[in-house]
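Please read the structure below before turning to the comments.
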Amino acid sequence: MKPSLIHAAVVHFPIALLICGSLALLGTLHRWPRVELRIIGWGLLLPGWLTLLAAIVSGIVSQGALPPDAPYRPLLNWHTGSGLALAVLYGDLIYRGWLHWTQVKRSEGKGWDWTEDLPTGRGGKGRMTVQLLLGIGLVIFSGWLG
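Quick note: the sequence shown, position 96, residue 95 per numbering that gives the first Met the number 0, numbers continuous.
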């Protein structure tokens, strides 16, 4: 199978997972503080981020098969760069969520508490909102470039 076909097959999973997970978390942060939305949001972000990494690798392999003087290579470089920016953005968001969860779990001495899984203290809600909105915009921009 050609590398470009593999990339085309893989790339749609992170688009759907990251946008839906981001919208679910934005909904639970600002409109509907429901446990189900938090479960859906966090449950979609991690597989979305992992499939994003697979899409980046398959895209780099696919781009390597292009001729060196391809006229659309600069556009694809922007596409790859925006994909890497997405990996950093969502990786940071997932890491901060994990750190917050372990801190809450350790301080209370109990297991997972779905009502305390969002970092809302000291600007956490604003930072998370900006990261999620930026992530959605960057997913759309990266898809448009590709």
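For each residue, glycine too, the CB sits at the ideal point set by N, CA and C.
From a predicted model like this one, the values you see are computed outputs, not experimental measurements.
Proximity to residue i [Cα-Cα], best of the options
| i | options | result |
| --- | --- | --- |
| Ala54 | Arg95, Leu92, Ala15 and Leu22 | Ala15 |
| Lys132 | Leu17, Lys1 and Ile5 | It is Leu, not Lys, that sits at residue 132 in the sequence shown. Residue Leu17 is the option with its Cα nearest to Leu132. |
| Arg95 | Phe140, Arg72, Trp41 and Val56 | Trp41 |
| Trp143 | Met127, Leu74 and Gly90 | Leu74 |
Helix, strand or coil at residue i [DSSP, three-state]
| i | result |
| --- | --- |
| Trp31 | coil |
| Trp113 | For Trp113, the predicted structure reports a pLDDT of 47, less than 50, and the residue's modelled location is therefore unreliable. A value from the coordinates is still provided. Of the three classes helix, strand and coil, the one that applies to Trp113 here is helix, per DSSP. |
| Tyr89 | helix |
| Tyr146 | In the structure as shown, the chain starts at 0 and stops at 145, and residue 146 therefore has no counterpart that could be examined. |
| Lys1 | coil |
| Val10 | coil |
Short Cβ contact (8 Å threshold) for residue i with residue j
| i | j | result |
| --- | --- | --- |
| Leu43 | Gly82 | no |
| Gly20 | Gly47 | yes |
| Phe59 | Thr79 | It should be noted that the sequence gives Ile, not Phe, for residue 59. Yes. Within cutoff. |
| Ala84 | Leu137 | yes |
Nearest-angstrom Cβ-Cβ length linking residue i and residue j, presumed shorter than 8 Å
| i | j | result |
| --- | --- | --- |
| Gly134 | Leu88 | 5 Å |
| Val10 | Gly145 | 7 Å |
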